[in-house]
Amino acid sequence: MRLERFRVKTPGMAALLARSLLCVTGLLLTLSPPVCEAFNLDVENPAVYSGPTGSYFGYAVDFYLADSSSVSVVIGAPKANTRQVNVTEGGSVFYCPWSLGHTDCHAIEFDSEGKRSLYMGSSEGETEQVEFKSHQWFGATVRSHGDTILACAPLYSWRTEQDVPRSDATGACYLSARNFTKFVEYAPCRTEISDEGGQGYCQGGFSADFTTDGKVVLGGPGSYFWQGQVISAPKEDIIRSYYPGYFMQSVERQIQTKQVQSAHDDSYQGYSVAVGEFSGDQVEGESLKRGFIMGSYFGYSVATTDINNDGLTDLLVGAPMFMVRGSDSRLEEMGRVYVYLQRSPLNLELRLPHLTGTQVFGRFGSTIAPLGDLNQDGFNDVAISCPFGGEDQRGLVYIFNGHSEGLREKPSQVITGQWAAGTIPASFGFALRGAKDLDMNGYPDLIVGAFGVDTAVLYRSRPIVNASGHLTVSPTMINPEEKNCMVTNGNTTIPVSCVNLSFCISADGKHLPDVEVQLDSHKHKQKGAVKRALFLDSQQPLLQKSVSVRHGDRVCSNTKIYLRDEKEFRDKLSSIYVALNFSLDPEAAADSHGLRPILNYQTTSVIEQKAQILLDCGEDNICVPDLKLAVSGNRKEVYLGDDNSLTLTFNARNEGEGGAYEAELYVVLPPEADYSGIYRNNELTCSYESENQTRYLSCDLGNPMKSGTNLWAGLRFTVPRLKDTHKTVQFELQIRSKNENNSHSEVVPYKLEVVVQADVILQGVSRPDKVFFPPPNWKVTKSYEVEQDVGPAVEHIYELVNNGPSRISHTRLELRCPLSVQGQTLLYPLEFSTEGPINCTSDKHMNHHRLKVSASQAPPHLRGCPIAEFLFSFFLQRSYKQYVLECLAAYSVEKMPYAILPKYSPTVLFGPQVVTPVVWNKPDIENSVPLWIIILAILAGLLLLALLIYVLYKRSLPYGTAMEKAQLKPQAASEA
1 MRLERFRVKT PGMAALLARS LLCVTGLLLT LSPPVCEAFN LDVENPAVYS
51 GPTGSYFGYA VDFYLADSSS VSVVIGAPKA NTRQVNVTEG GSVFYCPWSL
101 GHTDCHAIEF DSEGKRSLYM GSSEGETEQV EFKSHQWFGA TVRSHGDTIL
151 ACAPLYSWRT EQDVPRSDAT GACYLSARNF TKFVEYAPCR TEISDEGGQG
201 YCQGGFSADF TTDGKVVLGG PGSYFWQGQV ISAPKEDIIR SYYPGYFMQS
251 VERQIQTKQV QSAHDDSYQG YSVAVGEFSG DQVEGESLKR GFIMGSYFGY
301 SVATTDINND GLTDLLVGAP MFMVRGSDSR LEEMGRVYVY LQRSPLNLEL
351 RLPHLTGTQV FGRFGSTIAP LGDLNQDGFN DVAISCPFGG EDQRGLVYIF
401 NGHSEGLREK PSQVITGQWA AGTIPASFGF ALRGAKDLDM NGYPDLIVGA
451 FGVDTAVLYR SRPIVNASGH LTVSPTMINP EEKNCMVTNG NTTIPVSCVN
501 LSFCISADGK HLPDVEVQLD SHKHKQKGAV KRALFLDSQQ PLLQKSVSVR
551 HGDRVCSNTK IYLRDEKEFR DKLSSIYVAL NFSLDPEAAA DSHGLRPILN
601 YQTTSVIEQK AQILLDCGED NICVPDLKLA VSGNRKEVYL GDDNSLTLTF
651 NARNEGEGGA YEAELYVVLP PEADYSGIYR NNELTCSYES ENQTRYLSCD
701 LGNPMKSGTN LWAGLRFTVP RLKDTHKTVQ FELQIRSKNE NNSHSEVVPY
751 KLEVVVQADV ILQGVSRPDK VFFPPPNWKV TKSYEVEQDV GPAVEHIYEL
801 VNNGPSRISH TRLELRCPLS VQGQTLLYPL EFSTEGPINC TSDKHMNHHR
851 LKVSASQAPP HLRGCPIAEF LFSFFLQRSY KQYVLECLAA YSVEKMPYAI
901 LPKYSPTVLF GPQVVTPVVW NKPDIENSVP LWIIILAILA GLLLLALLIY
951 VLYKRSLPYG TAMEKAQLKP QAASEA
């Protein structure tokens, strides 16, 4: 069991996983940092220190203030190479003296030796390597106290057994004392109690701190099966007990935690340590909190400071992997810092609400650094890092201010890293150190490490200026009728209404520049609105002045504001806000430390007062209208498929005591409607707008709409986009004003019913218009093959016209034609056809003989209309007379393509009559005489002709001439 645990927990796992790899995995999403007021850490002119590339310079940072003449910072670089022989990336600590404009650093040579060897007893004179300094991460922990610097290598290893070539990561530290004149080694975990069951994997120096009186406190989270251990000893005793060449060291007054029950295995005690006074005996001890939220890494960082100024040390605990449930109910890693206020000795009270990060995977709470009192308000402040937050994982450092109840919930300043994530993130904020005044200007400073880019940044605190302002407007009522000031515009001077304005500024601070004052008479108005009040001095809505204020002084000044012409603005009701905005002159010279002062972030730098325009509303200047609205329209129905022109006539009245200011008729249009224009009122002006998918019409009714106003007008609309999903369409009309009381009338709805309606006309024609029967050469046959075998064809063509406005879909056309007369067949139904976008079905008995049909075509003006074609077989009746074929057509709409049913179904009941006269042909008699009779008649005629010729011939002979002459003469004589 123990062996298995050893295999899982490798010597470098705690340091590498928890300190480094933990912080560079899972970078998926960041959120923008919160917008905060500026605080006094100067982020515009930081001092940037750089180290060797890839050395992790900036992994640990601290101030080194040996005396007032030697101010500097020390920076750890745990992967730096050194001059040590046969040591790779042994790690180093850099000393960076500070002076204005200089950021040079050089390595401190804590350990000049390489790996050391000892005689192990195997053979005379033979030695073996007993310690391993490559990749030991020297400089991963750096702390200073006075003239002493503590630097540790938590992954330093040494051989614990002679016969087995194995080494344990015990960790080792060095102290530089007396301003780099003495160096001593301190490795309290390098003992005979080796392996994972003892201190073999202690990683001593994984965390470290100094108490106020100079005791060293080391954390070793790997001791005793990773129960962890905390070791403490005075630095003077450590220095006295050091003997070069001795691996085992006995330090007087050294104390340490012991191994406990196995239930506490894997507790990692000493993972992070901080010192503070919690027992009430004025003796500081280490602080450590064990995690109580699984996986949140509670206790990854700890810090102690008095944040509520009650004289008791408080505790802050970071949990950088704390999960928060997001809006989609999924857990997101945000990080959290818990604040414990010490109410009495060893009585820690958890304060709510907790400080929770806003950057997903930003690891908020990875480092917590006490800052001292940055703004000199009597409460200590704290810096909390979010090393993978911000844009491109640049890293963020939040400044939280202390107050009587703990830490304020919102940061006063957010410092953003300058470097985007590269191969590894910059890890800006992974190391923090504050609470020291580096430049001796009376304010503590902050140093931030960014080991991913081998950089550390020093931010100095700017001096704080406490200032206050006072603003007065007198009188507070502007009377437009009282013109008590004069304004000159070019060569023209006009009287205006004005009021007095006075302001005062007082300030105190160690270095006071001029105060920039900006007066704004247009506060709280929407962008682009007309400025109603202007300053008399500038004739603009803004007035800027520079005021010199000495420490403790109060400076006052006066000016005036005046009202513009009432025709130039509409708003007469709302207050005219005047704002005093003061700030320090940004062009002021820096102080002796190269810093420009800044206003205290808690300063109320914007002060507002207001003035009112005097109205004709009585002594209280409050108008109370009584707005009435009546609406009528020229129609109650709108039809699907129509443009639906509509006129709404409204009557607007004000029956109240006072005028309605900025009164408007507000008409909310339904989505189906459009505005067309104004009807019979040339003085009315309307604007058509939309807001949040609501379209509305706004018509000006007066400013003010005076008491007793009675206004009639009409508005035109169309309603072209009707849908059958709504049975009604509704307009909503209301009079709105900007008055404080009775500002609106009742909402008047005007509802229109959505109706389905169609106007259908059915007409028919016969082709041909007359039929002659029987046709020429027509013979009676008992077998029918083609349509000509039956008789002549006739077509009845019906035209259906929908005058709308709504559409029709499923319809029924019923034809009634006589198919027989007196028991004799009259018509043979041949086919029913259509042309155009309609589908029809007909009787299944059409063309039951399956005759071959000739192509037919409707007249051009009747294309797309139903055609009924019949064949006459009326041949049994032999009388010579005329017959009239009359067909009746009935049309009905069975369905319209709407969810709304029509009020009246568009139906034609046997309206049009299509008449086809049938005319009988008379029989041809000659054609009915037999041929032989004709021949016989011809022969008889020829014989008769021959006989006549013969008789005439005989009468012309001589012997009859004389006698004939004799007989004729008397007659001739008598005739003569």
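First residue of the sequence shown? That's 1 in the UniProt record's numbering, and the numbers climb one at a time after it. Think of the CB as a built atom: it goes at the ideal place given N, C-alpha and C, for glycine as much as any other residue. Every value quoted in this text rests on a predicted model; they were computed, and no experiment measured them.
Inset, instruction - Apply the 10 Å Cβ neighbour rule to Ser783 and answer buried if 16 or more other Cβ atoms are within range, or exposed otherwise. - result: exposed
Legend entry - Where Ala263 sits in the DSSP three-state scheme: helix
Inset, instruction - Specify, as a first and last residue, the run of the beta strand (DSSP E) that Ala611 falls within. - result: Val606 to Ile613
Inset, instruction - Quickly, what does DSSP pair Tyr95 with across the bridge? List them, please. - result: Val74 and His106
Inset, instruction - Would you identify the three-state DSSP class for Asp392, choosing helix, strand or coil? - result: helix
Legend entry - Simplified DSSP state of Lys954, which is helix, strand or coil: helix
Legend entry - Cut-off 6 Å between Cβ atoms - residues of its own chain near Ile613, not counting five sequence neighbours on either side: Ile478 and Lys572
Inset, instruction - Alpha carbon to alpha carbon, how far is Met846 from Glu831? Give it in angstroms, no decimals. - result: 6 Å
Legend entry - Buried versus exposed, by CB contacts within 10 Å (16 or more), Ala590: exposed
Inset, instruction - Measure the CB-CB distance between Val719 and Pro749 and report whether it falls below 9 Å. - result: no
Inset, instruction - Taking only heavy atoms of the ligand ADP into account, decide whether any of them is closer than 8 Å to the Cβ of Asp437. - result: Absence of the ligand ADP is noted for the structure shown, with no ligands found whatsoever.
Inset, instruction - Compare the beta carbon distance of Tyr398 and Ile424 with 9 Å and say whether it is the shorter of the two. - result: no
Legend entry - Close beta carbons around Val801, own chain, < 6 Å, minus the five adjacent residues each side: Ile761
Inset, instruction - Excluding the 5 residues preceding and the 5 following Ser506 in the sequence, name in chain order all residues of the same chain whose CB lies nearer than 6 Å to its CB. - result: Ser468 and Arg554
Legend entry - Endpoints, the beta strand (DSSP E) within which Ser112 is located: Counting along the chain, Ser112 falls outside any beta strand (DSSP E), and DSSP gives it neither H nor E.
Inset, instruction - Compute the Euclidean distance between the alpha carbons of His144 and Gly214, then round it to the nearest angstrom. - result: Before going further, note that residue 144 is Ser rather than His in the sequence given. Approximately 9 Å, taken between the alpha carbons.
Inset, instruction - Assuming Gln227 and Gln203 form a contact by the criterion Cβ under 8 Å, report the distance between their Cβ atoms to the nearest whole angstrom. - result: The Cβ separation is near 13 Å, so there is no contact.
Inset, instruction - On a CA-only basis, which of Val908, Glu740 and Gln540 is nearest Ile622? Give me that one, please. - result: Glu740
Inset, instruction - Assuming Trp137 contacts Ala153 (C-beta within less than 8 Å), just tell me the rounded distance between them. - result: 6 Å
Inset, instruction - Let me know the secondary structure DSSP gives Arg343 once reduced to three states. - result: strand
Legend entry - Trp226 in three-state terms, based on DSSP: helix
Inset, instruction - Taking all protein chains shown into account, decide if Gly422 is buried (16 or more other Cβ within 10 angstroms of its Cβ) or exposed. - result: exposed
Inset, instruction - Report buried or exposed for Arg863, applying the criterion of at least 16 other Cβ atoms within 10 angstroms of its Cβ. - result: Note on Arg863: pLDDT 33, under 50, position unreliable in the model; the coordinate value appears next. That one is exposed.
Legend entry - Cβ neighbours of Thr88 in the same chain (closer than 8 Å, five flanking residues each side left out): Asn81, Ser134 and His135
Inset, instruction - Could you pull out every residue in the same chain whose Cβ sits closer than 6 Å to the Cβ of Leu715, ignoring the five residues on either side in sequence? - result: Leu648
Inset, instruction - My understanding is that Phe650 touches Val631, with C-beta atoms under 8 Å, so please give their C-beta distance in whole angstroms. - result: 5 Å
Legend entry - Alpha-carbon to alpha-carbon, Gly54 and Gly395: 19 Å
Inset, instruction - Could you tell me whether the Cβ atoms of Ser301 and Ile368 are closer together than 9 Å? - result: yes
Inset, instruction - With DSSP collapsed to three states, give me the class of Gly656. - result: coil
Inset, instruction - Using three-state DSSP, classify Ala80 as helix, strand or coil. - result: coil
Legend entry - Proximity winner among Asp626, Asn634, Gln254 and Cys699, relative to Val668 (alpha-carbon distances): Cys699
Inset, instruction - Determine the contact status of Phe364 and Arg330, defining contact as a CB-CB distance below 9 Å. - result: no
Inset, instruction - Using three-state DSSP, classify Glu672 as helix, strand or coil. - result: coil
Inset, instruction - Would you decide whether Arg325 is buried or exposed? Buried here means 16 or more other CB atoms lie within 10 Å of its CB. - result: exposed
Inset, instruction - Please state whether DSSP places Gln913 in a helix, a strand or coil. - result: strand
Inset, instruction - Tell me Arg143's beta-bridge partners as DSSP assigns them. - result: Leu150
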